[in-house]
Amino acid sequence: MITAAVVGAAGYLGGELLRILLGHPAVRVVRATSERLAGRRVDGAHPNLRGHTGLTFRPMSELDHYDVLFLASRHRETMRVLPGLLGHADVVVDLSGDFRLADPELYHRHYGVEHTAPGLLGTFTTGLPERYRDRLRTADRISVPGCMATAGVLALAPLAEAGLVEGEVAVDARTGSSGSGASAGPENLHAERSGAFRVFAPLGHRHEAEIAQETGLAVRMTATGVEAVRGVQVLCRVRLAEGVAESTVRAAYRDRYRDEPFVRVVAERRGLYRLPEPKILAGSNFCDVGFAVDGPGGEGLLVAALDNLVKGGAGNAMQCVNIRFGLPETDGLEFAGLHPS
Amino acid sequence: MITAAVVGAAGYLGGELLRILLGHPAVRVVRATSERLAGRRVDGAHPNLRGHTGLTFRPMSELDHYDVLFLASRHRETMRVLPGLLGHADVVVDLSGDFRLADPELYHRHYGVEHTAPGLLGTFTTGLPERYRDRLRTADRISVPGCMATAGVLALAPLAEAGLVEGEVAVDARTGSSGSGASAGPENLHAERSGAFRVFAPLGHRHEAEIAQETGLAVRMTATGVEAVRGVQVLCRVRLAEGVAESTVRAAYRDRYRDEPFVRVVAERRGLYRLPEPKILAGSNFCDVGFAVDGPGGEGLLVAALDNLVKGGAGNAMQCVNIRFGLPETDGLEFAGLHPS
Amino acid sequence: MITAAVVGAAGYLGGELLRILLGHPAVRVVRATSERLAGRRVDGAHPNLRGHTGLTFRPMSELDHYDVLFLASRHRETMRVLPGLLGHADVVVDLSGDFRLADPELYHRHYGVEHTAPGLLGTFTTGLPERYRDRLRTADRISVPGCMATAGVLALAPLAEAGLVEGEVAVDARTGSSGSGASAGPENLHAERSGAFRVFAPLGHRHEAEIAQETGLAVRMTATGVEAVRGVQVLCRVRLAEGVAESTVRAAYRDRYRDEPFVRVVAERRGLYRLPEPKILAGSNFCDVGFAVDGPGGEGLLVAALDNLVKGGAGNAMQCVNIRFGLPETDGLEFAGLHPS
Amino acid sequence: MITAAVVGAAGYLGGELLRILLGHPAVRVVRATSERLAGRRVDGAHPNLRGHTGLTFRPMSELDHYDVLFLASRHRETMRVLPGLLGHADVVVDLSGDFRLADPELYHRHYGVEHTAPGLLGTFTTGLPERYRDRLRTADRISVPGCMATAGVLALAPLAEAGLVEGEVAVDARTGSSGSGASAGPENLHAERSGAFRVFAPLGHRHEAEIAQETGLAVRMTATGVEAVRGVQVLCRVRLAEGVAESTVRAAYRDRYRDEPFVRVVAERRGLYRLPEPKILAGSNFCDVGFAVDGPGGEGLLVAALDNLVKGGAGNAMQCVNIRFGLPETDGLEFAGLHPS
Amino acid sequence: MTATECPACEASVVVDDAVLPNEIVECGDCRSELEVVTTEPVLLALAPTIEEDWGE
Amino acid sequence: MTATECPACEASVVVDDAVLPNEIVECGDCRSELEVVTTEPVLLALAPTIEEDWGE
Ligand SMILES: NC(=O)c1ccc[n+]([C@@H]2O[C@H](COP(=O)([O-])OP(=O)(O)OC[C@H]3O[C@@H](n4cnc5c(N)ncnc54)[C@H](OP(=O)(O)O)[C@@H]3O)[C@@H](O)[C@H]2O)c1
Ligand SMILES: NC(=O)c1ccc[n+]([C@@H]2O[C@H](COP(=O)([O-])OP(=O)(O)OC[C@H]3O[C@@H](n4cnc5c(N)ncnc54)[C@H](OP(=O)(O)O)[C@@H]3O)[C@@H](O)[C@H]2O)c1
Ligand SMILES: NC(=O)c1ccc[n+]([C@@H]2O[C@H](COP(=O)([O-])OP(=O)(O)OC[C@H]3O[C@@H](n4cnc5c(N)ncnc54)[C@H](OP(=O)(O)O)[C@@H]3O)[C@@H](O)[C@H]2O)c1
Ligand SMILES: NC(=O)c1ccc[n+]([C@@H]2O[C@H](COP(=O)([O-])OP(=O)(O)OC[C@H]3O[C@@H](n4cnc5c(N)ncnc54)[C@H](OP(=O)(O)O)[C@@H]3O)[C@@H](O)[C@H]2O)c1
Ligand SMILES: [Zn+2]
Ligand SMILES: [Zn+2]
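Residue numbers (the UniProt record's numbering), protein chains in the order written: chain W, 1 to 341; chain R, 1 to 341; chain A, 1 to 341; chain D, 1 to 341; chain B, 1 to 56; chain H, 1 to 56.
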């Protein structure tokens with residue numbers, strides 16, 4: 001059995017990691033840290049885990065050595081603790097935003113503070129199997145992309161890589177409330193957040209930089225909080241290159257994702273669920289991608305959806321670790337999602 | 001114009017009072033207090049009031065003298081400040097729970113602290129027009145009942161007053177998240193509260209005492225937080241007295257509420273909305289009441305619904321003040337509610 | 001008193017018209033038609049109107065003559081019945097989509113059928129007070145714009161009219177379920193529609209044509225159904241003209257809407273509700289508009305929100321009729337909206 | 001591999017059965033019937049199954065022979081088709097209500113029609129492992145209880161079996177919209193059902209009879225539809241027998257369910273999730289049960305929660321089949337549920 | 001089983017050999033309803049579909 | 001590891017041998033916070049808890 005520990009295990013992403021790890025056939029979670037809840041039972045913070053674990057949270061100071069260590073602590077704080085934790089595991093997987101951007105300048109611009117460990121930035125492999133599967137097989141430091149960034153990259157990659165789009169991309173992201181984590185303030189009070197259409201990032205959302213870094217495209221990104229707990233959907237408005245028709249677009253998606261276990265192409269002409277939406281993805285590791293296009297050389301709308309805590313975080317991290325340890329890529333990630341839900 | 005001030009105006013009930021007062025043809029709001037937001041614009045805390053008022057919050061220390069002063073501050077705190085504010089208005093209307101129970105012992109039992117102004121308890125008139133309209137015409141101190149208590153009392157009164165029920169009443173209340181106010185903790189975080197069926201008071205909810213006090217019945221009360229922002233619904237399970245049939249029950253409701261401007265009897269045999277529910281009452285001052293009964297002498301289920309911030313608080317207070325100042329009882333309270341919503 | 005009749009009164013927009021008209025100080029509703037529900041009480045279909053009206057639905061065949069006749073029947077059907085109803089009222093207000101587009105070709109393209117009364121198209125005045133107040137004072141045939149179109153036009157007008165934007169506009173609209181009306185199919189089943197992020201019009205939504213017609217801009221429009229019953233929000237992505245800075249944009253909005261009773265400019269730097277969202281607008285006739293812009297000559301995101309059944313339909317129609325009959329423009333439309341809600 | 005077929009596979013319960021069966025290590029689904037959708041892909045009706053199956057629906061007339069046949073067709077219709085299907089499988093599992101009540105009179109009273117196959121009623125074993133595990137090991141005809149009945153029975157069984165309660169039980173059930181199935185009418189239109197507190201069965205809900213049959217108690221049952229897609233919660237108000245204290249109640253629950261893989265006792269003094277609620281159970285096969293009690297001999301409130309489509313239907317059926325075929329009882333049912341959700 | 005091309009999206013559609021003219025099959029990629037025009041060789045045409053109306 | 005009884009619900013609570021007086025442990029059944037009063041033998045007392053206020 002592979003031994004695993006989770007830092008920041010009291011948060012939403014930490015809880016999701018625990019859920020997935022506890023159901024994994026080849027991994028044993030042996031440590032879950034929380035400073036605030038040290039000494040308390042894990043299933044107090046994560047009531048879905050009742051009956052699945054008797055673990056209690058421990059402080060970070062009590063970490064031993066593990067095969068793999070996941071960090072699900074807050075961005076801006078993670079860069080301070082991660083350097084001191086590298087010795088505690090063979091493989092370190094960071095889910096915060098702190099080691100995603102290769103360029104410390106860009107980090108400063110998007111996170112508003114200086115990076116405190118810029119020297120480590122170049123040492124992480126991006127935890128996106130659909131682009132870096134080979135490198136992940138041997139990576140010892142993995143940085144999992146942001147939830148909206150993952151959706152945006154997976155929507156754009158087939159066309160961007162094949163040179164089928166031109167110019168700037170406008171990304172319109174929508175997200176549920178769990179994306180803000182468990183320690184959120186008054187903006188996440190139920191009476192205020194419920195039924196919201198909150199344009200919290202009208203221009204220049206932070207994941208813009210991640211998507212640009214991965215696709216090579218100029219990206220403008222808007223983000224809105226809507227009524228949902230889990231779920232991210234992105235709409236990418238692109239201009240198709242000269243002569244590119246719908247059949248070319250469809251073929252590009254089909255070919256790019258044919259062998260991917262967790263990307264489905266959804267662009268249907270009938271039925272209620274013609275394009276990707278997160279409603280049917282809660283708990284599942286799928287990222288559904290789809291598209292609609294005008295006539296050749298016209299406009300395209302590319303759509304992706306995922307569960308921010310799964311393919312947008314903990315599930316994606318698990319998939320990377322499965323790859324790294326040579327395990328079946330879908331281990332621990334078999335849940336299909338619910339309909340209706 | 002009648003001058004009015006609102007203490008605790010930054011809270012949810014305070015905001016609702018301001019909305020109603022600003023639309024009232026015969027009242028002018030001249031003061032809104034908040035300690036925390038003193039100096040800030042009122043429409044910052046209550047964005048629905050943009051374009052309706054230019055008021056800023058002021059601290060309580062700056063209160064002058066008004067025709068009517070509403071207190072919408074927290075229970076347990078209100079009993080400390082209210083005595084010092086009595087001189088600031090001809091009529092004082094308290095919406096907190098602090099002056100509802102006549103008996104300080106009962107207060108202690110239900111609020112967990114000693115009452116700090118027990119001598120004032122007997123000086124308040126209960127702000128329930130359907131029971132105390134006459135007294136309210138001359139009352140200078142009014143204590144508005146709790147939202148679930150109002151619903152429970154209005155559901156039970158027609159049968160209790162006519163002696164048509166027997167034994168103990170089991171009240172099952174369901175409430176939206178605004179009932180906890182704007183300053184709530186982690187239990188009101190959107191991701192935790194959304195979609196909840198939270199039995200937060202399995203036995204012995206605090207409004208039990210108010211309902212018992214008003215109806216003379218033995219009351220057992222359970223309360224559950226469900227997915228809604230506004231809205232309270234209560235189900236009262238009663239045993240009908242010997243020989244009481246549905247027609248008697250219906251007649252009792254009809255007669256009791258025939259002339260009430262804000263109570264509607266809803267017990268229909270067709271349609272989607274056969275019994276009262278808060279979905280169509282948001283923003284309106286109606287309390288809808290209805291019933292279903294078994295054969296004579298059998299069981300009865302009495303149902304009431306209202307908007308906790310309106311008939312369950314600010315609207316009811318307004319109705320009392322209209323009565324007190326000899327104004328048309330529906331002034332400021334004309335909004336019909338929305339369908340669908 | 002002005003006499004009014006509503007055709008299609010059993011639908012959602014019809015119900016909303018009735019609610020507003022019943023609360024109007026200078027109008028008396030004397031007729032509400034429904035074919036399906038002829039003979040049934042109006043408050044059976046619209047339970048919020050219990051206690052406000054004793055009207056029953058009548059078939060269209062029983063229409064007399066009224067000062068004003070509102071049509072809230074289905075698009076594609078309205079063009080068939082409207083010609084025969086023109087004689088029944090001095091002023092006819094159509095809320096369907098059938099008389100909005102001046103060009104029958106465009107109608108065919110967007111509604112998929114030939115227009116059956118093309119000769120009447122040119123005879124309607126667009127029911128948008130913010131653009132046609134003067135013409136509306138004497139208009140006898142008024143066609144109220146679509147809900148998303150109204151939002152889009154009000155968001156864009158200040159910049160479009162002043163020539164501050166360039167090139168194509170990308171409009172991203174989000175809408176609640178009441179926008180589909182009361183007679184919808186399986187796509188509106190609660191279990192399917194709840195929590196949806198349904199991109200039902202990825203490219204080329206029908207209101208594109210209305211917005212283009214009103215603003216003179218090239219418009220591309222996407223529409224998504226999200227979790228809400230009422231409410232529309234549009235995000236318009238524009239390119240600002242050379243040298244146009246935020247201060248110019250803000251001034252343009254301020255000046256354009258300074259005297260408008262139902263448009264508020266909302267673009268704040270603090271607080272939870274910085275940009276327009278429909279959450280606080282249910283039942284109110286406001287359209288809130290706001291913006292965020294990049295540096296001079298950069299990108300702009302223009303946002304508008306409204307209640308699709310009020311400013312997006314019945315309320316807007318009422319405002320037009322108030323203008324037409326020389327009544328105070330806010331009569332019947334005073335409801336401020338709720339917070340929280 | 002065990003071969004399985006699902007009749008009524010286009011419905012909500014049918015879809016849930018398919019999801020569970022497709023993830024089961026020892027079962028192969030070889031047939032899914034639908035009359036309405038014969039010829040269409042299964043993942044068109046159940047979009048969560050995209051990528052999990054290429055099956056198409058077939059009509060019932062094309063059924064072969066299987067190890068196990070599940071019926072998830074409508075009640076009142078199932079009793080007509082089931083007799084003709086008994087020959088198509090070694091084990092038949094019915095999820096409709098048609099073979100749950102032993103007494104055809106009772107069926108008539110609760111379903112409003114004569115039973116058409118009364119002779120078969122006595123041949124079914126009740127599909128509740130917590131009560132009939134031993135019989136299920138050899139049962140060839142299994143009738144799975146109703147979703148609210150399962151919750152009610154599991155809440156009451158520990159006290160009822162031990163004689164710790166007295167007199168009549170009042171059951172208050174709350175349910176999400178998926179409980180009405182995929183073919184529901186206008187009452188399930190999103191705009192009408194959303195945010196509802198719909199007391200659709202004020203007295204005498206049909207599952208009353210099932211609970212009474214299983215517990216031997218006199219049961220009165222009320223049911224309310226609340227805002228949720230999945231999820232059932234029941235509150236059972238009981239009178240404790242003389243001298244029964246909280247510790248006795250807790251011990252009774254603990255002992256009764258100690259070895260049950262899918263029942264958890266949840267009655268906590270701290271935290272947000274102190275009593276059972278369905279919010280964290282979507283997709284999982286758990287039924288959580290809990291309680292709150294007054295002093296000895298006082299009142300008790302017993303609470304149970306489950307996902308109506310899983311432990312309330314398809315998951316429970318799977319658990320029974322696992323038992324019947326000697327498979328690990330948790331096979332196919334490992335999903336832990338999500339938090340937050 | 002015969003593989004042919006979806007006229008809507010060019011995906012490969014596998015059709016049962018027993019298929020009859022006028023029967024409706026479904027494309028697994030774009031979910032178009034396809035009408036079998038001829039069977040030897042199998043030729044598919046897009047069947048007409050009704051647009052859903054999301055109203056306003 | 002020592003097993004002792006929860007003073008709130010009588011469930012068995014397993015306490016680490018290294019536990020110190022005044023430390024807080026949690027009952028797995030009822031989730032009461034329990035304060036360690038003495039360690040030899042281990043004696044637990046109910047720690048005071050604050051009620052959540054669901055307001056109205
Ligand atoms: N949420 C998402 O969808 C998502 C997706 C991808 C990436 N991420 C990233 O992953 C990281 C963790 O995200 P998250 O959403 O899991 O954050 P979170 O729920 O806020 O948890 C982060 C940390 O905050 C502390 N915390 C949790 N609940 C708290 C509470 N109620 N009060 C005070 N502190 C509390 C915990 O640390 P202690 O217990 O040690 O104090 C926890 O480890 C962030 O860097 C985020 O950017 C999030
Ligand atoms: N909510 C209901 O449905 C309802 C119904 C009937 C009666 N009541 C009773 O009415 C009273 C007020 O209820 P409420 O629901 O309006 O309470 P609330 O929203 O919590 O407001 C109460 C006070 O808390 C302060 N406050 C508001 N928001 C805050 C924040 N975000 N952070 C910190 N402090 C904040 C304000 O005082 P400062 O600004 O001065 O600090 C405010 O006056 C209570 O006694 C309640 O029991 C409530
Ligand atoms: N909903 C909006 O947000 C909105 C906004 C602006 C404009 N509009 C436009 O206004 C018009 C009316 O819209 P709407 O949303 O009010 O439509 P609706 O609710 O579907 O009502 C339209 C008509 O359908 C019939 N109807 C209503 N409920 C029905 C049911 N359950 N079953 C069968 N028929 C039923 C009624 O006619 P009978 O009773 O005579 O059969 C009714 O007049 C449309 O042209 C729409 O495009 C709608
Ligand atoms: N829903 C629950 O929570 C639940 C729980 C326990 C037991 N049950 C019981 O299980 C049985 C099935 O329940 P269910 O909720 O799955 O029912 P459902 O979704 O209504 O499906 C029942 C049948 O109705 C047909 N159908 C499905 N969707 C339809 C549509 N849109 N239009 C027309 N027909 C459609 C299908 O048969 P064809 O495709 O062959 O026409 C399907 O097999 C019932 O007897 C119910 O009492 C339900
Ligand atoms: Zn195709
Ligand atoms: Zn305990």
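All C-beta atoms in this analysis are idealised placements derived from N, C-alpha and C, irrespective of residue type, glycine included.
Listing by chain order, which chain B residues have their CB less than 9 Å from the CB of residue i?
i	result
Gly271/W	Arg31
At least one CB of chain A closer than 8 Å to the CB of residue i: is that the case?
i	result
Asp288/W	no
Ala151/R	no
Just the chain W side, please: which residues come within less than 7 Å of residue i by C-beta, in chain order?
i	result
Gly15/D	His339
Identify which residue in the options has its Cα closest to the Cα of residue i.
i	options	result
Ala305/R	Leu189/R, Ser341/R, Arg230/R	Arg230/R
Ile323/D	Asp294/D, Tyr132/D, Leu217/D	Tyr132/D
Ser194/A	Ala228/A, Val165/A, Ala218/A	Ala228/A
Thr175/R	His205/R, Glu166/R, Leu156/R	His205/R
With a threshold of 8 Å between beta carbons, is residue i in contact with chain W?
i	result
Gln213/A	no
Ser180/D	no
Ala223/R	no
What is the rounded straight-line gap between the Cα of residue i and the Cα of residue j?
i	j	result
Ser34/D	Met1/A	58 Å
Leu22/W	Arg36/D	41 Å
Val6/R	Val29/R	8 Å
Pro261/R	Thr3/R	25 Å
Arg254/D	Leu136/D	23 Å
Just to make sure I have the definition right: I need the residues of chain W whose C-beta is within less than 9 Å of the C-beta of residue i. Which are they?
i	result
Glu26/H	Gly39, Arg40, Arg41, Gly44, Thr56
May I ask which residues mark the beginning and end of the alpha helix (DSSP H) holding residue i?
i	result
Tyr12/D	12 to 22
Does any residue of chain R bring its CB to less than 8 Å from the CB of residue i?
i	result
Phe335/A	yes
Tyr253/A	no
Taking 8 Å as the threshold (beta carbon to beta carbon), is residue i in contact with chain D?
i	result
Ala292/R	yes
The beta strand (DSSP E) spanning residue i covers which residue range?
i	result
Ser247/R	Ser247/R -> not in any beta strand (DSSP E); alpha helix (DSSP H) instead, spanning 246 to 257.
Just the chain R side, please: which residues come within less than 9 Å of residue i by C-beta, in chain order?
i	result
His190/A	Chain R residues near His190/A: none, gap ~12 Å exceeds 9 Å.
Along chain H, in chain order, which residues have C-beta atoms closer than 8 Å to that of residue i?
i	result
Ala9/D	Result: empty, since nearest Cβ-Cβ is about 41 Å, beyond 8 Å.
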